[in-house]
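Read the structure below first, then the notes.
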Amino acid sequence: MTPVQAMERAIHYLDRAHESGFKTKAFVHALEVLRALPDEEINERSAAGTLTDLEGVGAATARLVAEALAGGDSAYLAKLDAETVVPITPGGARYRAALKGDCHLHSRWSDGGATIESMAHAASELGHEYMVLTDHSPRLTIAHGLDRNRLTQQIADVAELNRRLAPFRILTGMEVDILEDGTLDLGDDMLAELDVVVASVHSKLRMERQPMTERMVRAVASPHVDILGHCTGRLIGKREPSTFDPDYVFAACAQFHTAVEINCRPERLDPPRELLQMAVDYNCWFAIDSDAHATGQLEWQPHGCDRAAELGVPLERVINTMSADELIAWTTGREQR
Ligand SMILES: [Zn+2]
Ligand SMILES: [Zn+2]
């Protein structure tokens, strides 16, 4: 393991523990410093004990680098690994074991922290057969949403990556914004080209109940929308769930075969339990998705698996238990309904 790989691994572990504090920021910064250095200088400085003379490189980084250069197992990484394992209930483990992919995640192209390739490697290491790349749509400018041109470029890049990474597959997709009137932030022609489309509300979350219901139902009814992302938009302890009539929204999801996402981000866990129970009662389809913005966050699916087990989500209704081909047949079949 190279020093840079060891640092990336450490950051992966911290990310999966949702550790976004000082230690993670310090490691991310130190990693940038290391990446800019020639290998010989890293070697020399590590041997001479002068790595910490560099701005932004602390004792923990110096130790990790020394252990990586020494070869063999790093005690520091082993400790971090043990401390950050994502817990899962026995019930949740049954769901996790059945998942073959992840249908909602971001790369550096929008607001993610890792390259598409790094995300693919991490997803593959977790045992997935595929992942759906769902960067943001243009309206979300703070998240560097992709316009048509960048999305077209990304689709070409994904095709190239797929040639190299086979049999692992990256499916094309987007997390498209649901605009205020329920239309989508990308043309139908582009949406039709994508394998899987997640649609989410990111703006005007405090809309009145009735217009929000109409907005969501309209989006869910689109033949191009395969998954309704984090339906309430809540951020636990920070932002209240938005209000809509769940009877209409989940009935529409069931009617139009639009999967309800079980968003696994610890600060989202969306839908909340009562709503997830309603979606189960409406016999909706589901997708248990990490919404990862970093490689370590791909390990968050257990959070949603636990919820699914707790509320008795039928396993055969979870679309990412399908193989990639089955999933594409499912999304294409929806469009032709
Ligand atoms: Zn989102
Ligand atoms: Zn997202």
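Heads up, the final residue of the sequence shown is numbered 324 in my numbering, and it's a clean run with no missing numbers. The beta-carbon is built from N, C-alpha and C at its ideal position, and this holds for glycine as well.
- DSSP, read as helix, strand or coil, puts residue 111 in helix.
- Between the segment 109 to 123 and the segment 33 to 49, the count of C-beta pairs closer than 8 Å stays below three; the two stretches do not touch.
- What you get when you keep residues with a C-beta closer than 5 Å to any heavy atom of ligand 2 is 162 and 278.
- Using a cutoff of 7 Å, the CB of residue 216 counts as near ligand 1, since one of the ligand's heavy atoms is closer than that.
- Distance from the CA atom of residue 28 to the CA atom of residue 57, rounded to whole angstroms, is 16 Å.
- As for any beta strand (DSSP E) of minimum length 3 sitting wholly inside the segment 126 to 195, the runs are 156 to 164 and 183 to 187, ordered along the chain.
- In the three-state reduction of the DSSP assignment, residue 16 falls in the helix class.
- Cβ atoms of residue 133 and residue 96 come within 8 Å of each other, at about 6 Å.
- With a 10 Å radius around the Cβ and a threshold of 16 neighbouring Cβ atoms, residue 187 comes out buried.
- Sorting 311, 318, 315 and 322 by C-alpha distance to the C-alpha of residue 115 places 311 at the top.
- Residue 171 is positioned such that its CB atom lies closer than 8 Å to that of residue 206.
- Distance from the C-beta of residue 280 to the nearest heavy atom of ligand 1 is not below 7 Å.
- If you look at residue 273, you'll find it isn't in any alpha helix (DSSP H); it sits in the beta strand (DSSP E) that goes 273 to 276.
- Note that the segment 153 to 167 touches the segment 117 to 136; at least 3 beta-carbon pairs, one per stretch, sit closer than 8 Å.
- Between the alpha carbons of residue 252 and residue 33 lies a distance of about 37 Å.
- The DSSP-derived three-state label of residue 293 is helix.
- With contacts defined by Cβ atoms closer than 8 Å, residue 243 and residue 200 do not form a contacting pair.
- With distances taken between CA atoms, residue 317 lies nearest to 211 out of 48, 211 and 37.
- Checking the DSSP bridge columns, you'll see residue 117 partnered with 88 and 156.
- Beta bridge pairing from DSSP links residue 246 with 214.
- Here the segment 85 to 95 makes no contact with the segment -1 to 15; the two share fewer than three CB pairs at distances below 8 Å.
- In chain order, 90, 119, 158, 160, 213 and 318 place their CB closer than 6 Å to the CB of residue 183, counting only its own chain and leaving out the 5 sequence neighbours on each side.
- At least one heavy atom of ligand 1 lies closer than 7 Å to the C-beta of residue 189.
- Within the same chain, 167 come within 6 Å of residue 191 by CB-CB distance, once the 5 residues on both sides are set aside.
- Nearest C-alpha to residue 238 among 289, 320, 5 and 270: 270.
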